[in-house]
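Mapped onto the UniProt record's numbering, the consecutive letters of the sequence shown carry residue numbers 1 to 184. Virtual Cβ for every residue (Gly too), placed ideally from N, Cα, C. Remember, predicted model here, so these are calculated numbers, not experimental data. Each remark here refers to the structure printed beneath this line.
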Amino acid sequence: MGSGADITQQNRDPLLGRVQGADGLKTGHTEEAGYGFTGSAEQNGRRLVMVVAGLTSSNQRVSQSVAFMEWGFRAWKAVPLVAKGKKVQDAEVQLGDARTIGLVAPRDLAVTLPAGVAGNMKVSVVYNGPIKAPIKAGQHIADLVVQTGDTPPQLMPLVAENAVDEAGFFARIAAGFRWLFGLA
1 MGSGADITQQ NRDPLLGRVQ GADGLKTGHT EEAGYGFTGS AEQNGRRLVM VVAGLTSSNQ
61 RVSQSVAFME WGFRAWKAVP LVAKGKKVQD AEVQLGDART IGLVAPRDLA VTLPAGVAGN
121 MKVSVVYNGP IKAPIKAGQH IADLVVQTGD TPPQLMPLVA ENAVDEAGFF ARIAAGFRWL
181 FGLA
């Protein structure tokens with residue numbers, strides 16, 4: 001099968017050695033699709049993955065892949081929003097042993113936006129409330145919605161800060177009176 005001769009094969013990844021943090025994925029070529037590349041790179045804790053196809057030569061694959069990845073890191077920025085475990089707001093609880101529950105970030109939350117757009121960002125919390133007890137700690141009960149002018153809304157989960165059990169008999173009666181008299 002083998003002659004025992006050493007074989008040297010050129011690396012065809014167009015990003016390696018040209019884009020900081022590149023770790024490559026897959027190059028390819030077919031008559032129908034032309035030259036293509038799927039690649040990735042990580043810089044400052046942010047990973048971008050890219051796909052190009054339909055290119056006419058391996059040289060074009062190199063130049064377009066490098067330009068596309070560099071543009072991605074330059075033109076788009078990660079904007080931190082909420083640290084893991086930080087409370088964003090409270091939500092009203094229905095028939096629970098607590099009247100409200102904290103909505104917290106289950107992980108560090110950030111959005112990727114075009115560079116320079118962060119000042120035009122609108123952030124809101126959306127949930128169907130009041131939230132009916134029982135509620136488990138860590139249960140997904142709301143979403144943080146981030147909108148900017150021309151980009152589609154980005155949704156990120158918010159979870160229950162702690163557990164809320166169902167209210168007991170007398171607490172339910174008290175809640176009924178508060179609701180009846182508009183005090184809830």
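With contacts defined as CB atoms closer than 8 Å, E166 and L95 qualify as a contacting pair.
If you look at G102, you'll find it in the beta strand (DSSP E) that goes 100 to 104. Taking the Cα positions, N120 is about 10 Å away from D150.
For a cut-off of 8 Å, the C-beta gap from P130 to V164 is around 11 Å, too long to register as a contact. Within the segment 46 to 78, the runs of alpha helix (DSSP H) at least 4 residues long that lie entirely inside it are, in chain order, 58 to 75. For the 8 Å CB-CB criterion, V104 and L15 do not form a contact. The C-beta of V88 has 16 or more other C-beta atoms within 10 Å across all chains shown, which makes the residue buried. The DSSP-derived three-state label of L180 is helix.
A Cβ-Cβ contact shorter than 8 Å links A41 with A22. Distance from L144 to V82 at the Cβ level is roughly 7 Å; contact confirmed, criterion being Cβ atoms closer than 8 Å. Per DSSP, reduced to three states, the secondary structure at A91 is strand. Under DSSP, M156 forms a beta bridge with L144.
For D108, same chain residues with a beta-carbon under 8 Å away, outside a window of 5 residues either side, are P80, V82, A83, K84 in chain order. The beta carbons of T112 and W76 sit closer together than 8 Å. The beta carbon of R12 sits closer than 8 Å to the beta carbons of T27, S58 from its chain, once the five residues preceding and following it are set aside; these are given in chain order.
Cβ-Cβ distances below 6 Å link R46 to A78 in the same chain, with the five nearest sequence neighbours on each side left out; the list follows chain order. Pairing S63 with F37 gives a Cβ-Cβ distance that is not under 8 Å.
R61 is classed as buried because its beta carbon has at least 16 other beta carbons within 10 Å across all chains shown. If you draw a straight line from the Cα of G138 to the Cα of G102, it comes to about 10 Å.
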